[in-house]
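Residue numbers (our numbering), protein chains in the order written: chain H, 234 to 346; chain B, 62 to 463. C-beta: ideal position from N, C-alpha, C; glycine also. No experiment lies behind these values; they were computed from the predicted model shown.
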C-alpha cells in the first residue's frame with residue numbers, strides 16, 4: 234500500500250503544481266505551503282524544488298526574479314503557453330480518468346452495474 | 062530583515078551540504094534548486110521571526126527541511142551526465158592551481174635561492190613589478206563554530222620602507238577598484254589595462270564578514286553572493302610594497318558557460334567620487350582626512366600613502382599630506398596640486414592673494430620665506446602663496462585661541 238501511495242504522490246506532484254500556477258505566479262516557499270494544505274500529498278522541499286526546476290527546464294514554467302524583503306531575490310514561477318496547454322491536457326485526462334475509475338467502482342466486471 | 066553573518070554562514074553551510082548531494086544533476090538545475098532552497102529559508106525566517114532571527118529559529122527551520130541527501134533522490138528528476146565538480150567549480154579549482162603555480166615560478170625566478178621569499182628587496186620606483194608577494198587572507202573575526210582558522214602569515218617589511226606609522230593587514234577594510242584584468246600577471250599598477258568604467262567601484266569588507274553590499278559576505282578568502290549563489294575567491298598580493306586585492310569575477314560566462322574568471326583589482330582605500338565637491342573645513346579637514354585621525358584610519362580611508370616617513374604620509378594623486386607625531390593623530394593636513402577642492406570660503410589652489418584676503422580678512426599671522434607668503438588664521442587654516450601661481454598650498458591646523 235505504502236509503495237503505491239508513494240508512486241501516486243510522485244505522479245500527482247507535477248499535476249498539482251501546474252494547476253496551482255494556473256491562478257497566477259508564485260514563489261517556491263509559497264508554492265510549497267499551498268501544496269502542503271493537501272495533507273495526503275505529503276509535500277516537502279526536496280520534492281517540490283527539483284520538480285519546479287525540471288518544469289522550468291522543460292519549458293512549462295518561466296521565472297521572474299523580484300526583490301524580496303526577506304533576503305535574496307525571490308524567483309516567481311508562472312506558466313508558459315506550453316505549460317497552460319499541458320495543464321489543460323492533464324485536467325482533461327484527469328477528469329476522464331476519474332470518470333472511468335468511478336464507473337469501475339460501481340460496475341461489476343463485464344460492464345454490468 | 063537583518064540576518065547576522067553567523068546565520069548567513071549557517072545557511073550557506075546547509076546549502077553547500079545539499080549541493081554535495083546534487084552531483085547527478087546538471088549545474089543549471091542544481092543552481093535552481095539551491096536558489097529555491099535559499100529563498101525558502103529566508104522566507105521561513107521572515108515569516109516566523111520578529112526582528113532579527115535567532116540561531117535557534119534557523120536551526121529549527123533547517124531541521125524541518127528534508128535531509129540534504131534526499132534532494133539527490135527526489136522524484137521526477139531526469140537523469141543526466143555525472144559531474145564530480147560543476148564546470149564553474151572546476152574552473153575555480155584549476156585556475157587557483159594555475160595562479161599558485163605562476164606565483165611560485167615568478168617568486169622563484171625573482172630570488173630562486175632564497176629560502177625566505179617573504180622578504181623582498183626594494184624595487185626600482187615605477188618599474189613593472191617583477192615579483193609579487195602573496196598574503197593569505199586571514200578569516201573574519203567571527204568564524205562559524207568548528208571552522209579552523211589559519212595562522213596569520215608572517216610578513217616582513219622591506220628595509221628602507223618605514224611602515225611604523227600604520228599597521229594594516231588582512232582583507233578587512235575599504236578597497237577601491239583600479240583595474241580589471243584577464244590574468245593576475247597582466248596587472249601593472251602604473252598601466253591599468255581596463256579603459257572602460259569599473260562598475261564595482263568600491264568594496265568594503267567589514268570585520269564581521271559582511272560588506273557594504275548587502276548581497277556580498279566574505280570569509281577565508283572567499284566572497285559569497287547571496288543572490289547569484291556564487292563563491293568567488295580573492296587574494297591579496299603585495300606589489301611594490303602595496304596591497305592589491307584580486308577578486309575573481311563570477312560573470313555569466315564563468316557561472317553559465319564554465320569560462321575562466323577574470324579579476325577585479327582593488328587597492329586599499331575608499332572610493333573617492335570625483336564628481337563630489339571637496340570642501341576643506343577650517344580647523345577640521347576634508348572628508349575623513351581630519352585632524353586627530355590616526356594613521357591607520359587614514360590608510361583605511363585613503364589607501365596606502367605614496368611616501369611615508371616617521372611623521373608624515375603623502376598621497377600624491379590626491380595632493381594631500383598628513384603630518385603627525387608618532388602615534389598622536391594628525392596635527393596638520395596640507396592640500397596642494399592636484400587637490401581640486403575648495404575651502405568653505407571658496408579658496409582653492411591657484412586663488413589669488415586678493416581673493417584670500419577678501420574671503421578671510423587680515424591674517425592672524427603673516428610671514429615670508431624664500432618667496433613664499435604664509436598667512437594663517439586662528440580658525441585653523443593657513444595658505445601659502447607664490448606671486449606667479451597664487452595659492453600653492455592650503456593647510457588645516459588645530460584652531461588657536463586669539
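To the nearest angstrom, report how far apart residue i and residue j are at their CA atoms.
{"i": "residue 70/B", "j": "residue 417/B", "result": "56 Å"}
{"i": "residue 469/B", "j": "residue 115/B", "result": "Nothing in the structure corresponds to residue 469/B, since chain B is present only between 62 and 463."}
{"i": "residue 326/H", "j": "residue 118/B", "result": "43 Å"}
{"i": "residue 104/B", "j": "residue 94/B", "result": "15 Å"}
{"i": "residue 361/B", "j": "residue 405/B", "result": "25 Å"}
{"i": "residue 261/H", "j": "residue 313/B", "result": "23 Å"}
{"i": "residue 343/H", "j": "residue 323/H", "result": "28 Å"}
{"i": "residue 449/B", "j": "residue 287/B", "result": "57 Å"}
{"i": "residue 409/B", "j": "residue 110/B", "result": "54 Å"}
{"i": "residue 165/B", "j": "residue 303/B", "result": "Caution applies to residue 165/B, whose pLDDT of 43 falls short of 50 and renders its modelled position unreliable; the model cannot decide the point."}
{"i": "residue 367/B", "j": "residue 67/B", "result": "38 Å"}
{"i": "residue 239/B", "j": "residue 273/B", "result": "18 Å"}
{"i": "residue 337/H", "j": "residue 308/H", "result": "43 Å"}
{"i": "residue 167/B", "j": "residue 253/H", "result": "Its pLDDT being 47, under 50, residue 167/B is placed unreliably in this model, and the value from its coordinates should be taken loosely. Roughly 60 Å between the two C-alpha positions."}
{"i": "residue 241/H", "j": "residue 323/B", "result": "49 Å"}
{"i": "residue 341/B", "j": "residue 267/B", "result": "28 Å"}
{"i": "residue 246/H", "j": "residue 277/H", "result": "11 Å"}
{"i": "residue 83/B", "j": "residue 231/B", "result": "34 Å"}
{"i": "residue 151/B", "j": "residue 86/B", "result": "Low local confidence applies: a pLDDT of 46 at residue 151/B is under 50, so the model's placement there is unreliable, with the coordinate-based value given in what follows. Looking at the two C-alpha atoms, the distance is approximately 16 Å."}
{"i": "residue 169/B", "j": "residue 249/B", "result": "Residue placement at residue 169/B cannot be trusted, given a pLDDT of 40 that sits under 50; what the coordinates show is reported in the next sentence. C-alpha separation (whole angstroms): 19 Å."}
{"i": "residue 310/H", "j": "residue 258/H", "result": "5 Å"}
{"i": "residue 346/B", "j": "residue 76/B", "result": "48 Å"}
{"i": "residue 261/B", "j": "residue 316/B", "result": "18 Å"}
{"i": "residue 395/B", "j": "residue 258/B", "result": "30 Å"}
{"i": "residue 451/B", "j": "residue 403/B", "result": "14 Å"}
{"i": "residue 233/B", "j": "residue 398/B", "result": "31 Å"}
{"i": "residue 321/B", "j": "residue 298/B", "result": "20 Å"}
{"i": "residue 238/H", "j": "residue 278/B", "result": "44 Å"}
Who does residue i pair with in a DSSP beta bridge?
{"i": "residue 430/B", "result": "433/B"}
{"i": "residue 451/B", "result": "447/B"}
{"i": "residue 328/B", "result": "237/B, 305/B"}
{"i": "residue 285/B", "result": "278/B, 292/B"}
{"i": "residue 340/B", "result": "403/B"}
{"i": "residue 456/B", "result": "395/B, 443/B"}
{"i": "residue 263/B", "result": "237/B"}
{"i": "residue 311/H", "result": "295/H"}
{"i": "residue 346/B", "result": "342/B, 351/B"}
{"i": "residue 69/B", "result": "The partner list for residue 69/B (beta bridge, DSSP) is empty, contrary to what the question assumes."}
{"i": "residue 323/B", "result": "310/B"}
{"i": "residue 232/H", "result": "Here chain H covers residues 234 to 346 and nothing more, so residue 232/H does not appear."}
{"i": "residue 113/B", "result": "None, per the DSSP bridge assignment."}
{"i": "residue 271/B", "result": "278/B"}
Measure how close the beta-carbons of residue i and residue j come, nearest whole angstrom, since I'm counting them as under 8 Å.
{"i": "residue 303/H", "j": "residue 62/B", "result": "5 Å"}
{"i": "residue 283/H", "j": "residue 132/B", "result": "7 Å"}
{"i": "residue 467/B", "j": "residue 382/B", "result": "The first residue shown for chain B is 62 and the last is 463, placing residue 467/B beyond what the model contains."}
{"i": "residue 237/B", "j": "residue 331/B", "result": "6 Å"}
{"i": "residue 294/B", "j": "residue 280/B", "result": "Residue 294/B to residue 280/B, Cβ: 12 Å. No contact."}
{"i": "residue 432/B", "j": "residue 447/B", "result": "6 Å"}
{"i": "residue 430/B", "j": "residue 228/B", "result": "That belief does not hold up - the Cβ atoms of residue 430/B and residue 228/B are roughly 36 Å apart, past 8 Å."}
{"i": "residue 316/H", "j": "residue 251/H", "result": "6 Å"}
{"i": "residue 328/B", "j": "residue 364/B", "result": "5 Å"}
{"i": "residue 459/B", "j": "residue 306/B", "result": "So it is not a contact: roughly 35 Å between Cβ atoms."}
{"i": "residue 296/H", "j": "residue 289/H", "result": "6 Å"}
{"i": "residue 290/B", "j": "residue 92/B", "result": "6 Å"}
{"i": "residue 343/B", "j": "residue 440/B", "result": "4 Å"}
{"i": "residue 113/B", "j": "residue 305/H", "result": "With a Cβ gap of about 17 Å, residue 113/B and residue 305/H do not count as contacting."}
{"i": "residue 401/B", "j": "residue 339/B", "result": "7 Å"}
Using a Cβ-Cβ cut-off of less than 9 Å, give me the residues of the stretch 367 to 379 of chain B that come near chain H, in sequence order. none
Quick one: which unbroken alpha helix (DSSP H) runs of 4-plus residues sit fully inside the stretch 348 to 404 of chain B? Chain order, please. 356 to 363
Residues in the stretch 88 to 102 of chain B with C-beta within 7 Å of chain H's C-beta atoms, listed in sequence order? 90, 93, 94, 96, 97, 98, 99, 100, 101
Below 7 Å between beta carbons is the criterion; list the residues of the stretch 267 to 298 of chain H that meet it against any residue of chain B, in chain order. 277, 278, 279, 280, 282, 283, 284, 285, 286, 287, 289, 290
Short of 8 Å Cβ to Cβ, which residues in the stretch 301 to 335 of chain H face chain B? 301, 302, 303, 304, 305, 306, 307, 308
If the cut-off is 7 Å on Cβ atoms, which residues from the stretch 69 to 86 of chain B count as contacting chain H, listed in chain order? none
In chain order, what residues of the stretch 116 to 134 of chain B put their CB closer than 7 Å to some CB of chain H? 126, 127, 131, 132
Which of the residues in the stretch 332 to 350 of chain B, read from start to end, lie with their CB under 7 Å from any CB of chain A? Absent from the structure is chain A; the protein chains it does hold are H and B.
Name, going along the chain, the residues of the stretch 309 to 323 of chain B whose beta-carbon falls closer than 8 Å to a beta-carbon of chain H. none
Along the stretch 285 to 307 of chain B, where does the CB come closer than 7 Å to a CB of chain H? Name the residues. 287, 288
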